[in-house]
Amino acid sequence: MQTLATERLIIRPLTKQDKALYITLYTDAKVMRNICPPLNKHAAEQLFESSLKQLDRFNNKRLSWVLIEKASQQAIGIQGITWDQGDSETISIGIMLTRSANGKLIPEEAMGALIEYSFKHLKINKINAEYQKINLATARFVKKLGFIAGAVREEDENQDCHMQVQHIKQNYITEIITEIAKEEKSLVAVSVD
Numbered sequence: 001m002q003t004l005a006t007e008r009l010i011i012r013p014l015t016k017q018d019k020a021l022y023i024t025l026y027t028d029a030k031v032m033r034n035i036c037p038p039l040n041k042h043a044a045e046q047l048f049e050s051s052l053k054q055l056d057r058f059n060n061k062r063l064s065w066v067l068i069e070k071a072s073q074q075a076i077g078i079q080g081i082t083w084d085q086g087d088s089e090t091i092s093i094g095i096m097l098t099r100s101a102n103g104k105l106i107p108e109e110a111m112g113a114l115i116e117y118s119f120k121h122l123k124i125n126k127i128n129a130e131y132q133k134i135n136l137a138t139a140r141f142v143k144k145l146g147f148i149a150g151a152v153r154e155e156d157e158n159q160d161c162h163m164q165v166q167h168i169k170q171n172y173i174t175e176i177i178t179e180i181a182k183e184e185k186s187l188v189a190v191s192v193d
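Each residue of the sequence shown is one higher than the one before, counting from 1 in full-length UniProt numbering.
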């Protein structure tokens with residue numbers, strides 16, 4: 001996993017230091033309202049530990065990143081990808097933001113960078129996004145990113161929407177930051193001109 005930079009964000013792999021952010025997001029009823037019921041603190045802690053373990057596994061099928069706003073140096077969300085079972089070239093993508101990050105077009109930039117990275121560096125051919133039909137904000141930004149509608153599951157007001165994208169409309173990544181010496185914590189930035 002690599003750290004990515006966009007115009008306004010640093011997108012780095014999830015680490016132990018992100019536990020408070022993770023728990024805050026997963027226990028916040030407003031953040032979780034279009035995902036699932038909020039977790040209690042204990043369940044969120046267990047999910048966090050599970051997520052960290054998955055990052056350390058060989059051939060992991062789930063990757064998570066933390067979104068850092070460059071201007072404030074504050075962590076403002078997490079996003080991740082999960083490989084679809086039985087298809088090594090298809091992933092599902094998701095994002096969660098703190099309330100303070102809403103309304104700033106962060107999802108377009110963050111997910112745009114992750115989509116670009118997935119197609120160019122992970123050799124992915126197809127990316128899926130699923131969300132509740134009533135989540136209009138997500139519907140808007142996935143369409144902006146080039147996702148097109150797929151099959152829906154039920155014909156009720158809260159049905160899930162399934163969207164797919166097979167190419168990136170524009171470039172979002174300004175740098176890919178590769179860690180070169182863990183013990184020295186040295187980073188090198190590679191421009192993506």
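No residue lacks a Cβ here, since even glycine has one placed at the ideal position from N, Cα and C.
- For G80, the secondary structure class from DSSP, reduced to helix, strand or coil, is strand.
- If you keep only unbroken beta strand (DSSP E) runs of at least 3 residues inside the UniProt domain "N-acetyltransferase" (8-147), you get 9-13, 62-69, 74-83, 90-97 and 126-132.
- Our two residues, Q73 and L14, have alpha carbons roughly 15 Å apart in a direct line.
- W65 places its beta carbon 9 Å or farther from that of I106.
- Rounded to the nearest whole angstrom, the CA to CA distance from G77 to T138 is 15 Å.
- Closest by C-alpha distance to Q2, out of L47, P38, A29 and H121, is H121.
- In the structure shown, T3 adopts extended strand secondary structure according to DSSP, grouped into three states.
- Counting the other CB atoms within 10 Å of its CB gives E116 a total of 16 or more, which places it among the buried residues.
- Nearest to T98 by alpha-carbon distance, out of T6, R33 and L4, is R33.
- Around the C-beta of D87, fewer than 16 other C-beta atoms lie within 10 Å, and the residue is accordingly described as exposed.
- Excluding sequence positions up to five before and after S51, its CB lies within less than 6 Å of the CB of S64, all in the same chain and listed in chain order.
- Between L9 and S92, the alpha-carbon positions lie close to 21 Å from each other.
- Residue V142 holds the alpha-carbon nearest to the alpha-carbon of I95 among N40, V142 and Q85.
- When the alpha-carbon of Y131 is set against those of I35, T24 and D18, the nearest one is in I35.
- Remark: C-beta atoms of Q79 and A110 approach each other more closely than 9 Å.
- In its chain, beyond the 5 residues on either side, I93, V142, F147 and M163 have a beta carbon closer than 6 Å to the beta carbon of A129.
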